[in-house]
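Engineer: Numbering (my numbering), first residue to last: 1 to 323.
C-beta: ideal position from N, C-alpha, C; glycine also.
Got a structure for you, questions after.
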Amino acid sequence: MRPDRALRRWWRGREYRRLLDQAASELAGSRHAEAEATCARAIAIAEEIYGPGDAELTGPLYALSSAQLAQGRLSEARASSARAIAIAEAAGAGADPPLPRLLEQLAAILEREGAAEDVEALFRRMLAGYDRMRDPDPLELSALLNRLGLLLGRKGARAEAAPLFQRAVALREGALGARHPLVAEALYNAATFFEEDRPAAEREAMLRRALEIAEADPAVEGALRASILHNLGAAREALGDAAEAAALYERALAAREASVGDAHPSLRPTLVRLAQVHHAAGRPSAALPLYERALRLAEAELGSDHPVAGAINAWMDEARSRS
1 MRPDRALRRW
11 WRGREYRRLL
21 DQAASELAGS
31 RHAEAEATCA
41 RAIAIAEEIY
51 GPGDAELTGP
61 LYALSSAQLA
71 QGRLSEARAS
81 SARAIAIAEA
91 AGAGADPPLP
101 RLLEQLAAIL
111 EREGAAEDVE
121 ALFRRMLAGY
131 DRMRDPDPLE
141 LSALLNRLGL
151 LLGRKGARAE
161 AAPLFQRAVA
171 LREGALGARH
181 PLVAEALYNA
191 ATFFEEDRPA
201 AEREAMLRRA
211 LEIAEADPAV
221 EGALRASILH
231 NLGAAREALG
241 DAAEAAALYE
251 RALAAREASV
261 GDAHPSLRPT
271 LVRLAQVHHA
281 AGRPSAALPL
291 YERALRLAEA
301 ELGSDHPVAG
311 AINAWMDEAR
321 SRS
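Laid out in structure tokens, this is it:
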């Protein structure tokens, strides 16, 4: 290479590195439009000095996709992400960010687009990649297992979701210890999407473990603690212990209120379940105020004509008839 060309390449490489640092600073400061412009300049230089398919481009393409995603321009973010992934796949282990992180970003874009089937296919592809690794990062793999399990569980595929959550629990216990908050999260998800033909006592045992961790560690989010308490209440209710179920629903309600306030839509399920326990036990005067709160939340979130609001109204009428 001629000396003048080598010098130009050196100077252009120096400018490229400066632009990468600038883009990182702009992203960190949520100056996404500025970061997008900076990334575009960095990519142009990288294409000039390294070539359009070089692994060096995965970094600025990843940053560009991040800036576009933050601005809600999903199709552009998806295209930038797809290009980075194609380059990383061709480059093998030399890509930075590595392929799993690039795939995670594409998954986030697909989730924002509501493309559930594409997200599931991508998660399965990622899981197959991890399973081919000799020594995958246990926390990254457990996070993927957890996300795929949630996606499958929410669409009703509990039998497939359950072993994914169990793997996530084992990986997190091995990496972090049995009492880490991330173990509580995985236990809660495993119990929530437990196979319906499995004994309720097994679900309860998982939830009690999760609750023990959550109550011992202040780092566990209040919303997760509230959800664990609610589901444990449902498990005790299914096992015929209405008294403990009511106590657990009360605790879940208090934890949720402490986390999100007393007018958040997420309070409604616990208000309804607690009201129904009192209703079934012949305590309509205790049930009615809870139904009334739940109805206000349902109407504010869903409208007064929604079937959920209609069901709460019907329960209220039945409770009034007994009072």
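Going by other Cβ atoms of all chains shown within 10 Å of its Cβ, with 16 needed for buried, is R320 buried or exposed?
Structural biologist: Counting from 1 along the sequence shown, the entry for residue 320 is found at position 320. Its Cβ having fewer than 16 others within 10 Å, R320 is exposed.
Engineer: Counting pairs of beta carbons, one from the region 68–76 and one from the region 47–59, are three or more of them closer than 8 angstroms?
Structural biologist: No contact exists between the region 68–76 and the region 47–59.
Engineer: Return the chain-ordered ranges of every beta strand (DSSP E) run that is complete within the region 214–257 and spans a minimum of 3 residues.
Structural biologist: Listed in chain order, nothing qualifies, since the region 214–257 has no complete beta strand (DSSP E) run of 3 or more residues.
Engineer: Helix, strand or coil for R134, going by three-state DSSP, please let me know.
Structural biologist: Counting from 1 along the sequence shown, the entry for residue 134 is found at position 134. Reduced to three states, the DSSP call for R134 is coil.
Engineer: Buried or exposed for E89, going by 16 or more other Cβ atoms inside 10 Å?
Structural biologist: Working through the sequence shown from its first residue, we reach residue 89 at position 89. Exposed, because fewer than 16 other Cβ atoms sit within 10 Å of the Cβ of E89.
Engineer: Quick one: using the 10 Å Cβ neighbour count with 16 as the cut-off for buried, is P60 buried or exposed?
Structural biologist: Position 60 of the sequence shown, counted from the start, is the residue given in the question as residue 60. Buried, since its Cβ has 16 or more Cβ neighbours within 10 Å.
Engineer: Note down the Cα distance separating A28 from G13, rounded to an integer number of angstroms.
Structural biologist: Mapped onto the sequence shown, residue 28 falls at position 28. Mapped onto the sequence shown, residue 13 falls at position 13. Whole-angstrom Cα-Cα distance: 23 angstroms.
Engineer: Could you tell me the distance, in whole angstroms, from the CA atom of G261 to the CA atom of A309?
Structural biologist: Looking up residue 261 in the sequence shown gives position 261. Looking up residue 309 in the sequence shown gives position 309. Between G261 and A309, the C-alpha separation is close to 21 angstroms.
Engineer: Decide if H279 is buried, meaning its Cβ has at least 16 other Cβ atoms within 10 Å, or exposed.
Structural biologist: In the sequence shown, residue 279 corresponds to position 279, counting from 1. By the neighbour-count rule (16 or more Cβ atoms within 10 Å), H279 is buried.
Engineer: By how many angstroms is the C-alpha of I109 removed from the C-alpha of A77?
Structural biologist: Counting from 1 along the sequence shown, the entry for residue 77 is found at position 77. Counting from 1 along the sequence shown, the entry for residue 109 is found at position 109. So the two alpha carbons sit approximately 7 angstroms from each other.
Engineer: Just to confirm my understanding: we take I312, look at its own chain, exclude 5 residues before and 5 after, and list those with CB closer than 8 angstroms. What are they?
Structural biologist: For the purposes of this step, residue 312 is identified with residue 312 of the sequence shown, where counting begins at 1. These residues qualify, in order along the chain: V272, Y291, A294, L295 and A298.
Engineer: What would DSSP say about S259, mapped onto helix, strand or coil?
Structural biologist: If you number the sequence shown from 1, residue 259 lands on position 259. Helix at S259.
Engineer: Please list the terminal residues of the continuous alpha helix (DSSP H) segment that includes A311.
Structural biologist: As a position in the sequence shown, residue 311 is number 311, starting the count at 1. A311 -> alpha helix (DSSP H) spans P307 to R322.
Engineer: Apart from the five residues just before and just after L164, which ones in its own chain have a Cβ nearer than 8 angstroms to its Cβ?
Structural biologist: Here residue 164 refers to the residue found at position 164 when the sequence shown is read from its first residue. So the list reads L145, N146, L148, G149 and L152, once near-sequence residues are dropped.
Engineer: Anyone know if the C-beta pair for R41 and L19 falls short of 9 angstroms?
Structural biologist: As a position in the sequence shown, residue 41 is number 41, starting the count at 1. As a position in the sequence shown, residue 19 is number 19, starting the count at 1. Closer than 9 angstroms, so yes.
Engineer: By alpha-carbon positions, which one of S285, A263 and R172 ends up nearest to W315?
Structural biologist: Reading the sequence shown from its first residue, position 315 is the one you call residue 315. For the residues S285, A263 and R172, the minimum Cα distance to W315 belongs to S285.
Engineer: In the DSSP assignment, find the alpha helix (DSSP H) that holds A55 and state where it starts and stops.
Structural biologist: Your numbering for residue 55 matches position 55 in the sequence shown. No alpha helix (DSSP H) contains A55, which DSSP labels as neither H nor E.
Engineer: When you compare the CB positions of Y62 and Q105, do they come within less than 9 angstroms of one another, or not?
Structural biologist: One-based indexing of the sequence shown puts residue 62 at position 62. One-based indexing of the sequence shown puts residue 105 at position 105. Yes, they are a contact pair.
Engineer: Measuring CA to CA, which of A24, I45, L207 and R172 is closest to W11?
Structural biologist: Looking up residue 11 in the sequence shown gives position 11. Checking every option, the nearest Cα to that of W11 belongs to I45.
Engineer: Whole angstroms are fine: how far does the CA of A86 sit from the CA of P218?
Structural biologist: By 1-based counting over the sequence shown, the position of residue 218 is 218. By 1-based counting over the sequence shown, the position of residue 86 is 86. So the alpha carbons of these two residues sit roughly 42 angstroms apart.
Engineer: Using only the alpha-carbon positions, how far apart do V119 and E318 sit?
Structural biologist: Position 119 of the sequence shown, counted from the first residue, corresponds to residue 119. Position 318 of the sequence shown, counted from the first residue, corresponds to residue 318. Distance between the alpha carbons of V119 and E318: 44 angstroms.
Engineer: Keeping to the same chain, check which residues put their C-beta closer than 8 angstroms to that of E195; ignore five residues upstream and five downstream.
Structural biologist: By one-based count along the sequence shown, residue 195 stands at place 195. Here the set comprises R158, A159 and A162.
Engineer: Near A255, which residues of its chain fall below 7 angstroms by C-beta distance, leaving aside the five closest residues on each side in sequence?
Structural biologist: For the purposes of this step, residue 255 is identified with residue 255 of the sequence shown, where counting begins at 1. Within the same chain, A255 has close Cβ partners G222, R225, A226 and L229.
Engineer: Quick one: Cα of A245 to Cα of R236, how far?
Structural biologist: Position 245 of the sequence shown, counted from the start, is the residue given in the question as residue 245. Position 236 of the sequence shown, counted from the start, is the residue given in the question as residue 236. Roughly 5 angstroms separates the two Cα atoms.
Engineer: Buried or exposed: which applies to M1, given that a residue is buried once 16 or more other Cβ atoms fall within 10 Å of its Cβ?
Structural biologist: Translated into positions along the sequence shown, residue 1 becomes position 1. Confidence in M1 is poor, its pLDDT being 49 and thus under 50, which makes the residue's placement unreliable; the coordinate value appears in the next sentence. So M1 ends up on the exposed side.
Engineer: Would you kindly work out how many angstroms separate the C-alpha atoms of A84 and A107, rounded to a whole number?
Structural biologist: In the sequence shown, counting from the first residue as 1, residue 84 sits at position 84. In the sequence shown, counting from the first residue as 1, residue 107 sits at position 107. Rounded to the nearest angstrom, the two C-alpha atoms are 14 angstroms apart.
Engineer: Could you tell me the boundaries of the alpha helix (DSSP H) in which S75 lies?
Structural biologist: For this step, residue 75 is matched to residue 75 along the sequence shown. L74 to A91 is the extent of the alpha helix (DSSP H) around S75.
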